[in-house]
Amino acid sequence: MKPGPVLKKNRMRANKYEPIVQEVELIEANPDYAHVKLGDGRETTVSIRHMASRGELPDLKATRVQRKMFQVHPHLQPMNSDPDITLEDSTEQNMNTLALCTARHRQPPAYLNYIRD
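Residue numbers (this note's numbering): 170 to 286.
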């Protein structure tokens, strides 16, 4: 792990509404333990098992561009939609498909065979 901001697991939470992780500043680390500076200025040693790299923050400009690209316009139709098929036709096709399904065959449990006459 490189020095910089990392996430530390909060092992002692008073209630479930406290955050599970907190962001701390990694000062130095070895294969087992890390020396970190907490948000309130204290420094402490924690196990590497309770640490995670912060990762990269998402690029907000890129997500805005993606949203604009995927906006649906009302006058456009999907490329693979067939205008000849209507909602009624597709409903009839679904009903025909449902008619092919058979009902479940029910039989009494085998251990009750001695009761039957």
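Just so it is clear, CB atoms sit at the ideal spot from N, CA and C, and this is done for glycine as well. Note that this is a predicted model, so its numbers are computed, not measured.
- The beta carbon of S216 lies closer than 8 Å to those of D201, Y202 and A203 in the same chain, with the five residues before and after it left out.
- Secondary structure note for A198: its beta strand (DSSP E) is the uninterrupted segment V190 to A198.
- At a Cβ-Cβ threshold of 7 Å, P174 and E197 do not count as neighbours.
- Distance between K171 and R223, taken at the CA atoms: about 11 Å.
- For L176, the enclosing beta strand (DSSP E) stretches over residues G173 to K178.
- For T214, the CB contacts under 6 Å within the same chain, skipping 5 residues up- and downstream, are Y202 and H204 in chain order.
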